[in-house]
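The sequence shown begins at 1 in UniProt numbering and counts up by one.
Note that CB positions come from ideal geometry on N, CA and C, so glycine has one too.
Below you'll find the structure, written out as structure tokens, and then a few comments.
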Amino acid sequence: MIVCHCQSITDGDIRSAIDWMRASDPATIITPGKVYRALGKSAECGGCMSLFLDTMRRNDNLRVPVLPRPGRKEEGQTGTCRATTRSSTI
């Protein structure tokens, strides 16, 4: 299905660009602008943007996968947090 008539971009083009970007960098944040650039194109009138975004959202690779951060404890481990609850006197 054609999503952007100005640039002749199909839903398959968008899916392929997202999959390619995710394979290249698993932690990248994928935006419409990055998809256009990956396809060697740019947005013109913006009339397609709602359909463009809907097509992007339907791709499972759009979300950034949760990766463990360096120096963080694994889930379930207890740390040495000394936080205490405070109550306001106001």
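query: Going straight from the alpha carbon of Tyr36 to that of Asp13, what length do you get?
result: A straight line joining the alpha-carbon of Tyr36 with that of Asp13 spans about 10 Å.
Spatially closest choice to Thr31 from Arg69, Pro70 and Ala17, by CA coordinates: Looking at Arg69, Pro70 and Ala17, the one whose alpha-carbon comes closest to that of Thr31 is Ala17.
- prompt: From this set, Ser42, Gly33 and Val64, which residue's C-alpha is nearest Cys6's C-alpha?
  reply: Of the candidates Ser42, Gly33 and Val64, the one whose C-alpha sits nearest the C-alpha of Cys6 is Ser42.
- prompt: Can you round the beta-carbon distance between Met21 and Ala38 to whole angstroms, since I take them to be within the 8 Å contact cut?
  reply: Cβ atoms of Met21 and Ala38 come within 8 Å of each other, at about 6 Å.
task: Find the nearest neighbour of Ile29 within the set Met56, Cys45, Met1 and Thr10, judged by alpha-carbon distance.
output: Comparing Cα-Cα distances from Ile29 to each of Met56, Cys45, Met1 and Thr10, the minimum goes to Met56.
field: CA nearest to the CA of Lys34, picked from Cys45, Arg69 and Leu62
entry: Nearest option by C-alpha distance: Leu62.
field: Close-in-space but distant-in-sequence residues of the same chain around Leu51 (CB under 7 Å, 5 per side omitted)
entry: These residues qualify, in order along the chain: Val3.
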